[in-house]
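These notes concern the structure reproduced below.
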Amino acid sequence: MPVTPEDVQRIARLARIAEPADRLDALTGELNGILKWVELLNEVDVAGVEPMTTAVQTPLPLREDAVTDGAMREAVLKNAPRSEEGFFVAPKSVE
Amino acid sequence: MTDFSSLTLHEAAEGLRAKSFSAVELAEATVAAAEAAQGALNCFTSIDGERAVEMARASDARLAKGEGGALEGVPVAIKDLFAVKGVETTASSNILKGFKPEYESTVTQNLWDAGAVFFAKTSMDEFAMGSSNETAATGPVVNPWRAKGSEAKLTPGGSSGGSAAALAAGISYGATGTDTGGSIRQPAAFTGLVGVKPTYGRCSRWGVVAFASSLDHPGPFAKTVKDAALLTQVMAGHDPKDSTSYPGAVPDFAASAGRSVKGLRIGIPKEYRVDGMPGEIETLWRQGAKWLEEQGAEIVDISLPMTKYALPAYYIIAPAEASSNLARYDGIRYGARVEGADLIDTYEKTRAAGFGLEVQRRIMIGTYVLSAGYYDAYYLKALKVRRRIYEDFTAAFGQVDAILTPATPSAAFEIGSKAKADPIEMYLNDIFTVTANIAGIPAMSVPAGLDKSGLPLGLQVIAPALEEETMFAVAGAIERAAGFGAKAETWW
Numbered sequence: 001m002p003v004t005p006e007d008v009q010r011i012a013r014l015a016r017i018a019e020p021a022d023r024l025d026a027l028t029g030e031l032n033g034i035l036k037w038v039e040l041l042n043e044v045d046v047a048g049v050e051p052m053t054t055a056v057q058t059p060l061p062l063r064e065d066a067v068t069d070g071a072m073r074e075a076v077l078k079n080a081p082r083s084e085e086g087f088f089v090a091p092k093s094v095e
Numbered sequence: 001m002t003d004f005s006s007l008t009l010h011e012a013a014e015g016l017r018a019k020s021f022s023a024v025e026l027a028e029a030t031v032a033a034a035e036a037a038q039g040a041l042n043c044f045t046s047i048d049g050e051r052a053v054e055m056a057r058a059s060d061a062r063l064a065k066g067e068g069g070a071l072e073g074v075p076v077a078i079k080d081l082f083a084v085k086g087v088e089t090t091a092s093s094n095i096l097k098g099f100k101p102e103y104e105s106t107v108t109q110n111l112w113d114a115g116a117v118f119f120a121k122t123s124m125d126e127f128a129m130g131s132s133n134e135t136a137a138t139g140p141v142v143n144p145w146r147a148k149g150s151e152a153k154l155t156p157g158g159s160s161g162g163s164a165a166a167l168a169a170g171i172s173y174g175a176t177g178t179d180t181g182g183s184i185r186q187p188a189a190f191t192g193l194v195g196v197k198p199t200y201g202r203c204s205r206w207g208v209v210a211f212a213s214s215l216d217h218p219g220p221f222a223k224t225v226k227d228a229a230l231l232t233q234v235m236a237g238h239d240p241k242d243s244t245s246y247p248g249a250v251p252d253f254a255a256s257a258g259r260s261v262k263g264l265r266i267g268i269p270k271e272y273r274v275d276g277m278p279g280e281i282e283t284l285w286r287q288g289a290k291w292l293e294e295q296g297a298e299i300v301d302i303s304l305p306m307t308k309y310a311l312p313a314y315y316i317i318a319p320a321e322a323s324s325n326l327a328r329y330d331g332i333r334y335g336a337r338v339e340g341a342d343l344i345d346t347y348e349k350t351r352a353a354g355f356g357l358e359v360q361r362r363i364m365i366g367t368y369v370l371s372a373g374y375y376d377a378y379y380l381k382a383l384k385v386r387r388r389i390y391e392d393f394t395a396a397f398g399q400v401d402a403i404l405t406p407a408t409p410s411a412a413f414e415i416g417s418k419a420k421a422d423p424i425e426m427y428l429n430d431i432f433t434v435t436a437n438i439a440g441i442p443a444m445s446v447p448a449g450l451d452k453s454g455l456p457l458g459l460q461v462i463a464p465a466l467e468e469e470t471m472f473a474v475a476g477a478i479e480r481a482a483g484f485g486a487k488a489e490t491w492w
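Protein sequence lines correspond, in order, to chains A and B.
Heads up: the first sequence is residues 1 to 95, going by UniProt numbering.
Heads up: the second sequence is residues 1 to 492, going by UniProt numbering.
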């Protein structure tokens, strides 16, 4: 099912990317090209097939519940575009 | 004076141990060669001569005492996807401009622990999304190889194109890459190098900027199979910081490169003959099988019927994982920020300005296939096809010990030649390599010959999970028979 420029606008919003209005038509065409191509998968019979999420068939390892890391506030904040008094500074998000 | 540029990794390590030259001399020559080539090849995102000499000095001190690791004093170039503590790590993206990690990736730490010397970060397609290194924020990388009688600039392939170009230009002795759909093997084939994607989990992903976590494989580039095997051995190993890291021991890969292939059964999958593939590649593939037969291997025709579905499945799974992984670039905690009216506006402006067009396209596809109402039709379906592809290989490896295919459907192409094309045309570059990422099994490309314009072509060897030793033995046999000694002529 092809996507419309309105769909693309909605996807961009979900992806948190500001797409300028004049890019929407081109993006719609590109996304539809890819979505059309992947329809090839409809030829494959997958009845009763378990989805495969990883190539490694081992159980997720558990470790002891212990503090192994931390106390490195300065290092954590070092790459922040803005920080103040040991905190990240973010734009206002609650009214 | 030694011509450092022609040395293999083993030769450089032996020369250092024999004190034919010092690590500082080698580091200085490497940095000088990198700086001299950068203008023409654009293969580095940063060069750090100071750190190179400092690390080389420490190597010389260890060598003087008769100590040191397997790579003591040998410079290795690092793809800009690996965190190197205190060195700008951008994944060739504007959104990570200025980001200097406060930690070291496990793979690079393993290299330094073995004595390797850091000297530069290499350019790549942005976030490893591309097959030509043209999506790098710092512009395309130029392949040191040129077609006979032509000055046209060719791509070194991608996404690890900077590592491939630097090594093919004789600047380094090994290099790291990452391979999510072919990003080590395709550039290796385009530049006459050996490129290895080990089994999923062999090399830790900790400290490697994530693209598609279930498909991302760190691995090396090298000039010879033996060099590649040693680098894989050093880079690999269990890492508690990566929950998908394989906990078993790392075998002596370097020794396996010289092993005989006598009695091995080698599969030739009929589905790897694709429309539009140059006859020369088909001929080289046959020649490769003949070389192995002459050394005592048995050639077996096999079928991998799901092959044609691997790329479409990949272009659902990889963007889905990428859209999730790249959600972390929000302009708040690290990287670039574009201030907006509020928090959401800041996110949207930051990500629109920071991500290039191909990355945006893939995030959008991933967001769409994971969104409500489409998840089952696209994402879940692709995961089921993924298992069918995996089962193809399981069945094939009941019959054969390794599989031989071409590495790429063409030789290196001109920069910009696919700029106006459909994105899918670029994606088709990975048609022979992507299946091994989907299945998580080891695969490598080995240079096997030149086409009629004098450009390198590679063959690919695929082995069952954790059977890298068989893979290195087969690649070593091809290398010995091919006698590929060609190098790019210096023009830069």
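Here a beta-carbon is modelled for each residue, glycine too, at the ideal position from N, C-alpha and C.
Bear in mind that the values here come from a model prediction, so they are computed numbers and not experimental data.
TODO: Name, going along the chain, the residues of the stretch 379 to 400 of chain B whose beta-carbon falls closer than 8 angstroms to a beta-carbon of chain A.
DONE: LEU380, LYS381, ALA382, LEU383, LYS384, VAL385, ARG386, ARG387, ARG388, TYR390
Task: C-beta neighbour in chain A for residue 493 of chain B, strict 9 angstroms - done: Shown here, chain B extends from 1 to 492; a query on residue 493 of chain B therefore has no answer.
TODO: Identify the contact partners of PHE87 of chain A in chain B, using a Cβ-Cβ distance below 7 angstroms as the criterion.
DONE: Per Cβ cutoff of 7 angstroms: no residues; PHE87 of chain A is ~11 angstroms from chain B at best.
- [ ] Reducing DSSP to helix, strand and coil, say where LYS418 of chain B ends up.
- [x] coil
Open item on the list: Can you check which of these residues, A:ASP45, A:VAL44, A:MET52, A:ALA15, is closest to ILE363 of chain B by C-alpha distance?
Closed with: A:ALA15
TODO: Return helix, strand or coil for PRO312 of chain B, following the three-state DSSP convention.
DONE: helix
Open item on the list: Let me see if you follow: with CB-CB separation under 9 angstroms, is LEU343 of chain B close to chain A or not?
Closed with: yes
Open item on the list: Taking 9 angstroms as the threshold (beta carbon to beta carbon), is GLN360 of chain B in contact with chain A?
Closed with: yes
Task: Near-chain B residues of the stretch 47 to 60 of chain A (beta-carbon distance less than 7 angstroms), N- to C-terminal order - done: VAL49, GLU50, PRO51, MET52, THR53, THR54, ALA55, VAL56, LEU60
Open item on the list: Taking the straight line between their C-alpha atoms, what separation do you get for ASN32 of chain A and HIS217 of chain B?
Closed with: 29 angstroms
Task: One or two residues paired with LYS121 of chain B in a DSSP bridge - done: B:SER46, B:ILE78
Open item on the list: I want to know whether the stretch 385 to 398 of chain B touches the stretch 302 to 311 of chain B - three or more CB-CB distances under 8 angstroms.
Closed with: yes
Open item on the list: With a threshold of 8 angstroms on Cβ separation, who are the neighbours of GLN9 of chain A within its own chain once the five nearest residues in sequence on each side are excluded?
Closed with: GLU19, LEU24
Open item on the list: Please give me, in chain order, every unbroken run of the alpha helix (DSSP H) with length at least 4 that falls completely inside the stretch 171 to 228 of chain B.
Closed with: 185 to 190
Open item on the list: Let's test the definition: count the other Cβ atoms within 10 Å of the Cβ of GLY139 of chain B and tell me whether it reaches 16, buried, or not, exposed.
Closed with: exposed
- [ ] Spatial neighbours of PHE99 of chain B within its chain, please: CB distance less than 8 angstroms, with the 5 preceding and 5 following residues excluded, ordered by chain position.
- [x] GLU88, THR89, THR90, TYR334, GLY335
TODO: Check whether the Cβ of ARG13 of chain A lies closer than 9 angstroms to any Cβ atom in chain B.
DONE: yes
Open item on the list: Pop quiz: LEU471 of chain B and ALA402 of chain B are said to be a contact at Cβ under 8 angstroms. What is the actual Cβ separation, rounded to whole angstroms?
Closed with: Checking the sequence, you will find Met at residue 471 of chain B rather than Leu. Yes, they are in contact, since the Cβ atoms of MET471 of chain B and ALA402 of chain B sit about 6 angstroms apart, within 8 angstroms.
- [ ] Note down the Cα distance separating THR54 of chain A from ALA377 of chain B, rounded to an integer number of angstroms.
- [x] 19 angstroms
Open item on the list: Check this for me: beta carbons of PRO447 of chain B and LEU193 of chain B, under 9 angstroms apart or not?
Closed with: yes
Task: Under 8 angstroms from the C-beta of PRO2 of chain A: neighbouring residues of chain B - done: Correct list: empty, because the minimum Cβ distance to chain B is about 12 angstroms.
- [ ] Compare the C-alpha of THR122 of chain B against each of B:ALA421, B:ALA164, B:ILE317 and name the closest.
- [x] B:ALA164
Task: Minimum Cβ-Cβ distance from ARG333 of chain B to chain A less than 9 angstroms - done: yes
Task: 8 angstroms contact criterion, which MET124 of chain B and GLY86 of chain B should meet: CB distance rounded - done: In fact, because the Cβ distance is near 20 angstroms, the residues do not count as touching under 8 angstroms.
TODO: Alpha carbon to alpha carbon, how far is PRO2 of chain A from GLU348 of chain B? Give it in angstroms, no decimals.
DONE: 25 angstroms
TODO: Check the Cβ of LEU31 of chain A against every Cβ in chain B and list those closer than 8 angstroms, keeping chain order.
DONE: ARG361, MET364, ILE365, TYR368
Task: Opposing strand residues paired with ARG23 of chain A [DSSP bridges] - done: Paired residues: none, contrary to the question.
TODO: Taking only the alpha-carbon atoms, compute the straight-line gap between ASP45 of chain A and VAL209 of chain B and give it to the nearest angstrom.
DONE: 35 angstroms
- [ ] Determine whether the Cβ of ASP7 of chain A lies closer than 9 angstroms to any Cβ atom of chain B.
- [x] yes
Open item on the list: Check this for me: beta carbons of SER172 of chain B and PRO269 of chain B, under 9 angstroms apart or not?
Closed with: no
- [ ] Quick one: give me the first and last residue of the beta strand (DSSP E) that ILE302 of chain B is part of.
- [x] 298 to 302
Open item on the list: With the cut-off set at 9 angstroms, would you say LYS197 of chain B and THR433 of chain B are in Cβ contact?
Closed with: yes
Task: beta strand (DSSP E) segment containing MET444 of chain B, residue limits - done: 443 to 450
Open item on the list: Please report whether the beta-carbon of residue 97 of chain A lies at a distance below 9 angstroms from any beta-carbon of chain B.
Closed with: The structure shown has nothing for residue 97 of chain A, since chain A only spans 1 to 95.
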